[in-house]
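Just add 255 to wherever you are in the sequence shown, counting from 1, and you've got my numbering.
Shown next, in structure tokens, is the structure this report addresses.
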Amino acid sequence: MSRAEIGTAAVPSGTGTAVPAGTGADVRPPRAVWTLGLFRSELSITFRRWRTLALLGVLAAVPVLVGIAVKIETGDGSGTGGGAGGPAFISQITNNGLFLVFTALAATLPFFLPMAVGVIAGDAVAGESGAGTLRYLLVAPAGRTRLLLTKYAAVLAFCLAGTLVVAVSALAVGALLFPLGELTTISGTRISFAEGLFRALLIALVVAASLIGVAALGLFVSTLTGSGIAAMATTVGLLITVQILDQIPQLHALQPYFFSHYWLSFADLMREPVYWDDLMKNLGLQALYAAVFGSAAWARFTAKDITA
256 MSRAEIGTAA VPSGTGTAVP AGTGADVRPP RAVWTLGLFR SELSITFRRW
306 RTLALLGVLA AVPVLVGIAV KIETGDGSGT GGGAGGPAFI SQITNNGLFL
356 VFTALAATLP FFLPMAVGVI AGDAVAGESG AGTLRYLLVA PAGRTRLLLT
406 KYAAVLAFCL AGTLVVAVSA LAVGALLFPL GELTTISGTR ISFAEGLFRA
456 LLIALVVAAS LIGVAALGLF VSTLTGSGIA AMATTVGLLI TVQILDQIPQ
506 LHALQPYFFS HYWLSFADLM REPVYWDDLM KNLGLQALYA AVFGSAAWAR
556 FTAKDITA
């Protein structure tokens, strides 16, 4: 179901009536078919936007650039491609192209992936308001809570899609430019290529889950304004601010509570045995951020009058 279909079926053309708080499909309960249709429509609109496609293109390009840079640097056989300040696993890429997956995720997680998620989440509600379609959605039999959950689910789908784009691009480039085979873990043990692929998939899922806190934060910011650009800029600005604060030694007591603090703990999945402590702290912290800012977004969205 498209936005136009929702709008023409719900509100006559030319009306400017505000939708008061507490209304929007509260008359009759929405059916499961409607919920699925709304989510499918949201996914279609999200992934068909040029902005979304451009963000996915940038994410796909990062592993290509990293792989080419390592290949050029080591083309004469004089180096290993790893410097002291390089991303995690980069020194292992020339030995096994699968390590490009881990390196690309480590390179994109601090900024590129969360920035892309922040843009999509910040535009989720504010973009509809700025385009004048949010009021039409609310008078259709969806309800504010269900609509907000659908928006959040679409953002989470982008988190997974963006992460998989990075991983698949890195795997393809790694297979083209470097050899593949058994892997040596951080602990020094050898694992098969099949198990390495499984761990790469598991790492990609953990990275995607690491972004649910940013997604909830961006959705909350999106409910505070009617400007999609303002919401996106604010979300990305908060992301950069938290990243900076996480690097200041004097704030070490607060840093374990920043949503980005345990992001790179996914590297522990490449240990034998796997270290779960920081991984579980990361997932728990993301769940906490999702609960807090998701609740704040719900409270704000269900209490405001929609005029556009």
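Ideal Cβ placement from N, Cα and C applies to all residues, glycine included.
- Query: So, helix, strand or coil for T439, using DSSP?
  - Reply: For this step, residue 439 is matched to residue 184 along the sequence shown. In the structure shown, T439 sits in a strand (DSSP, three-state: E or B).
- Item | Nearest-angstrom Cα separation, counted from T557 out to R304 | Along the sequence shown, read from residue 1 onward, the residue named residue 304 stands at position 49. Along the sequence shown, read from residue 1 onward, the residue named residue 557 stands at position 302. Looking at the two C-alpha atoms, the distance is approximately 27 Å.
- Based on the DSSP output, what are the partners of I446 in its beta bridges? Walking along the sequence shown from the start, residue 446 turns up at place 191. Paired residues: L438.
- Within this structure, are the beta carbons of A486 and V497 separated by less than 7 Å? Mapped onto the sequence shown, residue 486 falls at position 231. Mapped onto the sequence shown, residue 497 falls at position 242. Not a contact, by the Cβ cut-off of 7 Å.
- Item | Residue closest to F514, alpha-carbon to alpha-carbon, out of F448, V462, L360 and L353 | Here residue 514 is taken as the residue at index 259 of the sequence shown, counted from 1. For F514, the nearest C-alpha among the options comes from V462.
- Residues of its chain near V547, where Cβ-Cβ distance is below 8 Å and the 5 sequence neighbours each way are ignored: Within the sequence shown, residue 547 is the residue found at index 292, counting from 1. Excluding residues within five positions, the ones whose Cβ falls inside 8 Å are A471.
- Take A430 and list the residues in its own chain whose beta-carbon comes closer than 8 Å to its own, dropping the five residues that flank it on each side. In the sequence shown, counting from the first residue as 1, residue 430 sits at position 175. Result list for A430: G352, in chain order.
- Task: State the start and end residues of the unbroken alpha helix (DSSP H) segment that holds G549.
- Result: For this step, residue 549 is matched to residue 294 along the sequence shown. Per DSSP, G549 belongs to the alpha helix (DSSP H) from D532 to A558.
- If you count every other CB in all the chains shown that lies within 10 Å of the CB of R283, and 16 or more means buried, which is it? Sequence index remark: in the sequence shown, residue 283 carries index 28 (1-based). Per-residue confidence for R283 stands at a pLDDT of 47, beneath the threshold of 50, marking its modelled position as unreliable; the derived number appears in the next sentence. Classification of R283: exposed, given that the 10 Å Cβ count is below 16.
- Query: Cβ of L466 within 7 Å of Cβ of V372?
  - Reply: If you number the sequence shown from 1, residue 466 lands on position 211. If you number the sequence shown from 1, residue 372 lands on position 117. Contact: yes.
- What separation, rounded to the nearest whole angstrom, lies between the Cα atoms of R399 and V374? Reading the sequence shown from its first residue, position 144 is the one you call residue 399. Reading the sequence shown from its first residue, position 119 is the one you call residue 374. Using only the alpha carbons, I get a separation of about 22 Å.
- Query: For the putative contact between M370 and I441, defined by C-beta atoms under 8 Å, what is the C-beta separation to the nearest angstrom?
  - Reply: Here residue 370 refers to the residue found at position 115 of the sequence shown. Here residue 441 refers to the residue found at position 186 of the sequence shown. About 28 Å separates the two Cβ atoms, so there is no contact after all.
- Query: So, helix, strand or coil for R526, using DSSP?
  - Reply: Here residue 526 refers to the residue found at position 271 when the sequence shown is read from its first residue. Looking at R526 - three-state DSSP - the assignment turns out to be coil, as it is neither helix nor strand.
- Task: Confirm, please, whether the CB-CB distance from L500 to Y506 is below 7 Å.
- Result: Along the sequence shown, one-based indexing puts residue 506 at 251. Along the sequence shown, one-based indexing puts residue 500 at 245. Per the sequence shown, the amino acid found at residue 506 is Leu instead of Tyr. Against a cut-off of 7 Å, the Cβ pair of L500 and L506 comes out as a contact.
- Task: Enumerate in chain order the residues of its own chain whose CB-to-CB distance from G451 is below 6 Å, with the five nearest sequence positions on each side excluded.
- Result: As a position in the sequence shown, residue 451 is number 196, starting the count at 1. So the qualifying residues of the chain are L353 and L438.
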